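First residue of the sequence shown: 1, per UniProt numbering; consecutive thereafter. Beta carbons are placed, not taken as given, at the ideal position from N, Cα and C, and that holds for glycine. These numbers were taken from a predicted model, which means no experiment stands behind them.
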Amino acid sequence: MAQNCVATGCKPPDSPCCSRYGFCGGTAEHCDAADGCQTGCWPASNKTKLYHHCITFRYRPKVTQAQIDSVTKAYIDVENKALINGKKYIKIAGGRTISTKGIESNFRNGFVLTFTSAADRFHLMCCEKAHQDFGNFMGQYVTQIGYNVGFDFEEEIST
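Now the structure itself:
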């Protein structure tokens, strides 16, 4: 049974907001009006956040950039997202991407997945599967331990 924090109130600073389910807290699930916050909600803003994940691939010795670039398209379905590998970048449905070449000498054709939803940044299982599938596709070029992935940073932009 849900708490009724609308009636009982929440206690700042640790739990200033009442979630749509009636629980007090201070996370986006409690305080973001888009998530159903009832009281103590964060103010509306003209800014939004982007969440970036860095992915780079470690290639086998003597693999050239031209060989890698010769792969024009690889479609990978990951839950509700489709990754499309183009010559210099990867696109993810619902977000945007940034090409990051030459991160390290043997890490090339790296890319950054950029999500517009805070929840998406926690979908490492989504990303891990994408990397595994893409690594398998690129198996003739990629080493056994072929990729490096991690949540890098969040960016606030004006909308």
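When beta bridges are read from the DSSP output, Cys17 appears opposite Gly25. When DSSP reads this structure, Thr8 sits in no beta bridge, so it has no partner.
The bridge partners DSSP lists for Thr39 are Cys18.
Gly40 is classed as buried because its beta carbon has at least 16 other beta carbons within 10 Å across all chains shown.
Here Gly25 is buried: its Cβ has 16 or more other Cβ atoms, across all protein chains shown, within 10 Å. When secondary structure is reduced to three states using DSSP, Ala44 falls in the coil class, being assigned neither helix nor strand.
If you compare the alpha carbons of Phe23, Asp14, Pro13 and Pro16 with that of Cys5, the shortest gap goes to Phe23. Spatial neighbours of Asp35 in its own chain (CB-CB distance under 8 Å, excluding positions within 5 residues in sequence) are listed in chain order as Ser19, Arg20, Ala28 and Glu29.
Excluding its 5 nearest sequence neighbours in each direction, Asp32 has C-beta neighbours in its own chain below 8 Å: Cys41 and Trp42, listed in chain order.
Minimum Cα-Cα distance from Ala7 among the listed residues Val63, Gln38 and Thr64 corresponds to Gln38.
Residues Gly26 of the same chain have their beta carbon placed closer than 7 Å to that of Asp14, with the five preceding and five following residues left out of the count.
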